[in-house]
Structure formats: structure tokens, C-alpha cells
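A.B. asks: Right, I'll just put the structure down here and ask away after.
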Amino acid sequence: MTLIKRKLVQLCGTRNYQKFIVLSRSRTGSNLLISLLNSHPNIQVSGEVFVRLDGQDYQTILARQFARQPWNIAARGFKLFYYHPVDNPQCGLWETLQQMPQLKVIHLTRKNTLQIMVSRKIAVLSNEWEANHQMPAASNKTLTLTFTAEELIKGFERTERWQAAGDEWFANHDVLQVDYDALVNEQQHTFTAMSEFLGVAPTIPNTSLTKQNARPLSEVIENYAQLQQEFAATRWASFFTG
């Protein structure tokens, strides 16, 4: 958008649009979800604008996100993880969002938290956080990992707490629950549900993003068999599916 067009939007743009957030944690497919939503001509969604405040007032950032928009935009939102902003989690952002009754929430979760932890560890070690058709992830075909049971338990329980807190925070809001597997495997159906939830007519979604790691967990985790045995009698046994 040119400077002149930006100024015109600031002066004459619309405020009549649906405000929303994409609530999640890392490695749940949030980049894919945002890429799909941004392929819709009437939806605009930003990334992790609140990951760090770096001394800024959160209200200034929020006002910028929900400022006047081009007239074709019918839904405007941003991605927010449960633990944002990491440098000032008590800043008041969450309370402000909870006090916005018309705010809609797309709550993205991934049932298999082990896959989340594997995906995150691979991304950290390889420093590759996205992959697309033109630039597939280069390091993930041979990279292997190890986990301790204590490390996994901590990660599983923390994610459970985050997800439960997210549901509680927005219990009085209109929330659409989106599952990672449905997002990947039933893309058109999930995209249609999200579009209708945001009040726009569904279109054909488009994205260049691809899955970074397609290998089974048993190939990626060196001590997989040992962990599978240790977790066999726990509520997380289903995470170890191969």
C-alpha cells in the first residue's frame, strides 16, 4: 500500500468490520491458518504483533491493529499466543481483549502435543520456522531428537494449562475451535467454517506453506520406544502413535 493510499485509509477507511484473534501456542499450524485467511480478499490478519512490547504501550499496538481498514476488509485480526507478550505478560492486554464483547476468537489447538514439541525442537535446532513449495525445509529429513520423560511431562502439562486458560479467558465470547489435523487434512471445510464464523463468504483457500516434518515420530525421536513404554499407562499414551 502506498503512502497516499495509507493516509486515505486512515482518514476514510471503514471501522465496520469483525475484530478477531487467532489464539494458540507455537507449532500448531498458526502460520498455515493465517496464510489461508490472508488469501481471502475480505480478511486481513497479522502475525505475532504482541510477541514483545519492547517498551511500547500495548494499547497503541492494539489501536493500530484495529484502526480504519480498506473498504474491502470485513474481518481484521492478529495472532496471539497464550504467553504473549513475553516481556510484559501483565501489561493489561488480556484484560482489554476480554472486555471487548464483539471480539471473536479462533482457538487453534493440536491434539498431539508430542508432535508440537518435536516440531518446535526441530525448528529451534535447524532455525527453520516455515517451509513452502519453493523452499522446503532443508534440515528436517535427517535430524533426530531425544527427550526425557520429565521434559515431555512438563511440556504436556503446560500446554494443557494454556489451552484451558484460553477457554476460560474467552468463555463469554464467540469462539471457533479449530484443530490442526482438520486444518491440514480438511482444508476447504475448515476454511469455510472460519470464513462463515468471521461473517464473510467462503472462497477457495490458497497457500504456499507446506508441512515441515512429514516423518513418523518413531523416526525422529531416537528414544521413542523407551518413551512409548514409559507413557503407556498415562493419559498421553495416544501421542505415541508411531
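Sequential numbering from 95 applies to the sequence shown in our numbering.
In this text, a Cβ means the ideal position worked out from N, Cα and C, and glycines have one as well.
All of these numbers come straight from a predicted model, not from anything done at the bench.
With which residues is R170 paired in a DSSP beta bridge?
C.D. replies: Beta-bridge pairing links R170 to K113 and Q138.
A.B. asks: Check whether the stretch 109 to 129 touches the stretch 165 to 177, counting contact only when three or more Cβ pairs, one atom from each stretch, lie closer than 8 Å.
C.D. replies: The answer is yes - the stretch 165 to 177 touches the stretch 109 to 129, with three or more Cβ pairs under 8 Å.
A.B. asks: Quick one, which of Y177, V218 and C106 has its alpha-carbon nearest Q163's?
C.D. replies: Residue C106 is the option with its Cα nearest to Q163.
A.B. asks: Would S118 and T203 be called neighbours here (beta carbons separated by less than 8 Å)?
C.D. replies: Result yes, Cβ atoms of S118 and T203 sit closer than 8 Å.
A.B. asks: Restricting to Cα atoms, I'd like to know which of R255, N266, S133 and K305 is closest to Q282.
C.D. replies: Considering only alpha carbons, the answer is S133.
A.B. asks: Please go through the stretch 143 to 197 and give each complete alpha helix (DSSP H) segment of 4 or more residues, from N-terminal end onward.
C.D. replies: As far as the stretch 143 to 197 is concerned, its whole alpha helix (DSSP H) runs of at least 4 residues are 152 to 159 and 187 to 192.
A.B. asks: Quick one: what's got a C-beta closer than 6 Å to S286's C-beta in the same chain, skipping five residues either side?
C.D. replies: Ser is not the amino acid found at residue 286; the sequence shown has Thr there. P296.
A.B. asks: When you compare only the Cα positions, how much space is there between Q228 and E222?
C.D. replies: Because the pLDDT of Q228 is 49, which lies under 50, any placement of that residue in the model is unreliable, and the question is left without a value.
A.B. asks: Measuring alpha carbon to alpha carbon, tell me which of V143, P299, A319 and Q150 ends up nearest E280.
C.D. replies: E280 has its Cα closest to that of P299, out of V143, P299, A319 and Q150.
A.B. asks: Could you say which of V139, E254 and V180 lies nearest to L147 if we only look at CA atoms?
C.D. replies: Measuring from the Cα of L147, the nearest candidate turns out to be V180.
A.B. asks: Closest to K235 by CA distance: which of F264, A243, K305 and G249 is it?
C.D. replies: The option with the nearest alpha carbon to K235 is K305.
A.B. asks: Among S312, V218 and F160, whose alpha-carbon lies nearest the alpha-carbon of Q120?
C.D. replies: The question names Gln, but residue 120 is Ser in the sequence shown. Measuring from the Cα of S120, the nearest candidate turns out to be V218.
A.B. asks: Report buried or exposed for L176, applying the criterion of at least 16 other Cβ atoms within 10 angstroms of its Cβ.
C.D. replies: As written in the sequence, residue 176 is Tyr, which differs from the Leu given in the question. Buried is the call here.
A.B. asks: Reducing DSSP to helix, strand and coil, say where V294 ends up.
C.D. replies: Correct three-state label for V294: coil.
A.B. asks: Please look up how many angstroms separate the CB atoms of T253 and I315, rounded, as I've assumed it's under 8 Å.
C.D. replies: Not a contact, Cβ separation roughly 17 Å.
A.B. asks: Take R309 as the anchor and find which of S213, L197, T96 and T328 has the nearest alpha-carbon.
C.D. replies: Considering only alpha carbons, the answer is S213.
A.B. asks: So for T108, helix, strand or coil by DSSP?
C.D. replies: Strand.
A.B. asks: Which first and last residues belong to the beta strand (DSSP E) in which Q271 is found?
C.D. replies: Counting along the chain, the beta strand (DSSP E) containing Q271 begins and ends at D268 to D273.
A.B. asks: Based on the DSSP output, what are the partners of T203 in its beta bridges?
C.D. replies: DSSP output for T203 lists D273 as bridge partner(s).
A.B. asks: Provide the residue span of the alpha helix (DSSP H) that contains G75, from first to last.
C.D. replies: In the structure displayed, the chain extends from 95 to 336; residue 75 sits before or after that span and is not available.
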